[in-house]
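Comments concern the structure below.
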Amino acid sequence: MRRAYLLISVLLILTLWTAGCRRPDIIKGMTDFDRAYIPAFFFTEIEELEHSKQAMEFLNAEWESLKAKYPKEMESDPEWERDALRIEQMMVSANRILDTTENFEDAHEALEYIRGILFEFRRRNGIDYYLDHLNEFHEVMGDFVWILEYRTPETLNVDDTTWIEGRVEEAVNLWGEFRRAEFDPSAFGLSVKKKALLRAQTKLEADALEALTQAIRRKDKEAIFAATEAVKQHFQAVYLLFGDFERVK
Numbered sequence: 041m042r043r044a045y046l047l048i049s050v051l052l053i054l055t056l057w058t059a060g061c062r063r064p065d066i067i068k069g070m071t072d073f074d075r076a077y078i079p080a081f082f083f084t085e086i087e088e089l090e091h092s093k094q095a096m097e098f099l100n101a102e103w104e105s106l107k108a109k110y111p112k113e114m115e116s117d118p119e120w121e122r123d124a125l126r127i128e129q130m131m132v133s134a135n136r137i138l139d140t141t142e143n144f145e146d147a148h149e150a151l152e153y154i155r156g157i158l159f160e161f162r163r164r165n166g167i168d169y170y171l172d173h174l175n176e177f178h179e180v181m182g183d184f185v186w187i188l189e190y191r192t193p194e195t196l197n198v199d200d201t202t203w204i205e206g207r208v209e210e211a212v213n214l215w216g217e218f219r220r221a222e223f224d225p226s227a228f229g230l231s232v233k234k235k236a237l238l239r240a241q242t243k244l245e246a247d248a249l250e251a252l253t254q255a256i257r258r259k260d261k262e263a264i265f266a267a268t269e270a271v272k273q274h275f276q277a278v279y280l281l282f283g284d285f286e287r288v289k
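As structure tokens, then:
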């Protein structure tokens, strides 16, 4: 009996140890995928066809690599089979759109859908991934950016600003978490210059969020719109630093 308990204990320790060893590997896979994903996401947003197609080629390759290298980690999740199918569909859709209709908005939305699926996969499985701090922030930022796209300083009302204030407060907290999080710059190919840019843009984003918070408190509608635009710009500047644009020329 004691031997049986000992054997079970050893097997449990080995299981936990190997799972812990695999976790950094899958994070590397996610990192490599995102380094290809970010250029594709960016070029479809600015509607640059040739660069979009080239970026999609690299993204297609990284997607196949991600599936091939980490089947156990993926397939251990009961929802992964469904998620993988949805990602496949979105990848095919984005490629087909760029090859035929050149409807950049639809291609961009397909890629955004993929980011959301992988974000939820990591959250379900307790994978602590650095860029998910940015993904969470982007989701909240999108809420108040979206409503301002349908308003002007003249039509922005009290209910709008009250709702926006709550989302901005959450965004400030999330940005603080991002700034405190640790990561390996070399995993994303960040040079000394890019690391300096990251520090600078991260600080500028914090300043823009503070300016937006103060504009809301002052009920300065013009300043709310201006600060929101600054928040968008500095976030994008930070996010793009994590993409591998060297391959897309």
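Residue 193 in the working numbering sits at position 153 of the sequence shown, with consecutive numbering throughout.
Virtual Cβ for every residue (Gly too), placed ideally from N, Cα, C.
Would you kindly check if the distance between the Cβ of ARG136 and the Cβ of GLY283 is under 8 Å? no
Would you say PHE82 and TRP103 are within 8 Å of each other, going by their C-beta atoms? no
Indicate the three-state DSSP secondary structure (helix, strand or coil) for LEU99 in the structure shown. helix
For ILE167, which three-state DSSP category applies? coil
Extent of the continuous alpha helix (DSSP H) run through ASN135: 120-139
Bounding residues of the alpha helix (DSSP H) (the contiguous stretch that carries ALA211): 198-220
Could you tell me the distance, in whole angstroms, from the CA atom of ALA124 to the CA atom of GLU245? 34 Å
On a Cα-Cα basis, can you pick out the residue from THR202, ALA277 and PHE177 that is closest to ILE187? THR202
Would you say ALA277 and ILE264 are within 8 Å of each other, going by their C-beta atoms? no
The alpha helix (DSSP H) that contains ARG257, what's its start and end? From DSSP, the alpha helix (DSSP H) with ARG257 extends over 232-258.
Do LEU281 and LEU214 have their C-beta atoms closer together than 8 Å? Their beta carbons are not under 8 Å apart, which means LEU281 does not touch LEU214 by this criterion.
Can you find the residues in the same chain that come closer than 6 Å, C-beta to C-beta, to VAL79, ignoring five residues on each side of it along the sequence? Correcting the residue type first, residue 79 is Pro in the shown sequence and not Val. ALA95, GLY283, PHE285 and VAL288.
Quick check on the burial criterion: 16 or more other C-beta atoms within 10 angstroms. Buried or exposed for GLY206? exposed
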